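Engineer: Quick one: structure below, then a few questions.
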Amino acid sequence: MNPVRLATKRLVLRELRADDWVEAQRLDRDPRVVRFQSNDVLDEAGTKQYLETSIAAQAASPRLVYDLAICLPDDDRFLGRAGFKIERPEHREAQLWFTLRHDLWGKGFASEVLPALLDFAFDELKLHRVYGDCDPRNVGSARVMERAGMRREGHLRENWWLKGEWCDSLLFAVLNQEWPALRPKGEALQRPSPPRG
Ligand SMILES: CC(C)(COP(=O)(O)OP(=O)(O)OC[C@H]1O[C@@H](n2cnc3c(N)ncnc32)[C@H](O)[C@@H]1OP(=O)(O)O)[C@@H](O)C(=O)NCCC(=O)NCCS
């Protein structure tokens with residue numbers, strides 16, 4: 697498959713590269729960013745290892761992990777990550793994630809990224825169901841998924857032991873057949889741009 701490159705109104709999602717590690721470290725070492733995530737802060741070696749694993753997954757056949765860098769179109773610099781993993785290929789189901797540098801929160805970036813990811817998952821990859829979960833205290837994450845048209849399917853009680861405490865999860869999901877109706881109307885539908893090079 698050609699390298700993935702998705703466009704939104706203000707942003708581009710492109711394949712991760714090894715040289716993203718410097719900018720990626722800014723997120724990975726920030727306790728505010730990982731506060732409600734299953735991982736803890738990463739050091740330089742941890743970020744490089746993470747990128748290595750994600751980049752290796754780009755070449756897998758069939759490809760099951762789409763972990764993409766969020767950038768501005770006129771500046772290829774890594775601002776955050778968003779993507780999904782097809783966990784049960786036979787059921788065409790994927791789990792998504794999204795994370796941004798702390799100083800970029802509150803600009804509507806994640807709300808722009810999610811519909812583009814879901815368009816790609818349903819229109820290009822023909823997935824059936826995409827879900828995401830978050831700690832109920834992660835109000836921004838829950839709101840982003842809700843705003844992207846995902847339905848809240850449940851509240852799981854204390855299903856994670858993280859950072860010294862039991863944590864609940866909110867589960868959000870959307871199905872391919874309902875996506876056209878649930879897709880946020882404000883976000884212009886962008887087709888994936890042709891591969892470069
Ligand atoms: C979750 C995250 C990606 C949100 O990104 P963002 O670009 O700031 O989100 P948006 O600007 O698109 O905001 C979407 C909505 O959420 C609300 N929101 C965002 N962050 C919020 C916060 N911390 N508290 C309350 N509301 C918040 C916004 O006000 C907006 O609400 P609206 O639709 O009513 O206007 C970002 O906070 C982040 O990277 N967090 C750390 C990583 C993480 O937790 N990722 C999710 C893993 S499950």
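So the sequence shown is numbered by this note's numbering: it starts at 697 and just counts up by one. From the three backbone atoms N, C-alpha and C, an ideal C-beta is built for every residue, glycine too. Computed from a predicted model, the values in this text were never measured in an experiment.
Where DSSP assigns a beta bridge to T795, which residues make up the other side?
Structural biologist: DSSP lists R777 as partners of T795.
Engineer: Excluding the 5 residues preceding and the 5 following Q754 in the sequence, name in chain order all residues of the same chain whose CB lies nearer than 7 Å to its CB.
Structural biologist: Excluding sequence neighbours, Q754 sits near E711.
Engineer: Determine, using beta carbons only, whether P785 comes closer than 7 Å to chain C.
Structural biologist: Protein chain content of the structure displayed is limited to a single chain, and chain C is not contained in it.
Engineer: Taking 6 Å as the cut-off, is the beta-carbon of C665 closer than that to any non-hydrogen atom of ligand 1?
Structural biologist: With the chain covering 697 to 893 only, the question about residue 665 has no answer from this structure.
Engineer: In three-state DSSP terms, what is G893?
Structural biologist: In this prediction, G893 scores a pLDDT of 33, lower than 50, which makes its location untrustworthy; no coordinate-derived value is stated.
Engineer: Please list the segments of the alpha helix (DSSP H) lying wholly inside the region 709 to 737, counting only runs of 4 or more residues, in order along the chain.
Structural biologist: Segments of the alpha helix (DSSP H) lying fully in the region 709 to 737: 717 to 724, 727 to 730.
Engineer: What is the DSSP secondary structure of L655, counted as helix, strand or coil?
Structural biologist: In the structure as shown, the chain begins at 697 and stops at 893. Residue 655 is therefore absent and cannot be evaluated.
Engineer: Taking only the alpha-carbon atoms, compute the straight-line gap between L823 and T704 and give it to the nearest angstrom.
Structural biologist: Whole-angstrom Cα-Cα distance: 20 Å.
Engineer: Relative to ligand 1, what is the chain-ordered list of residues with a Cβ closer than 6 Å to any of its non-hydrogen atoms?
Structural biologist: Those residues, listed in chain order, are V729, F732, Q733, W793, F794, T795, L796, W801, G802, K803, G804, F805, A806, S807, C830, N834, V835, G836, S837, R839, V840, R843.
Engineer: What would DSSP say about S837, mapped onto helix, strand or coil?
Structural biologist: Note: S837 maps to helix in three-state DSSP.
Engineer: Alpha carbon to alpha carbon, what distance is there between R728 and R713?
Structural biologist: Each residue's Cα considered, the two are about 24 Å apart.
Engineer: Out of D829, L796, R788, which has the shortest C-alpha to C-alpha gap to D724?
Structural biologist: Of the listed residues, the one whose Cα sits closest to D724 is L796.
Engineer: Since W862 is in the alpha helix (DSSP H), which residue starts that stretch and which ends it?
Structural biologist: Note, W862: premise wrong, no alpha helix (DSSP H); beta strand (DSSP E) at 861 to 871.
Engineer: Any idea what DSSP makes of L858, helix, strand or coil?
Structural biologist: Note: L858 maps to strand in three-state DSSP.
Engineer: Starting from D771, follow its DSSP beta bridges and name the residues at the other end.
Structural biologist: D771 pairs with L768.
Engineer: Once you ignore the five residues that flank R784 on each side, which residues in its own chain have a CB closer than 7 Å to its CB?
Structural biologist: Contacts found: none.
Engineer: With C-beta atoms as the reference, is S807 less than 7 Å away from V835?
Structural biologist: No, the pair does not count as a contact, with Cβ atoms beyond the cut-off.
Engineer: So Y827 packs on Q791, CB below 8 Å; how close in whole Å?
Structural biologist: That pair is a contact at about 6 Å.
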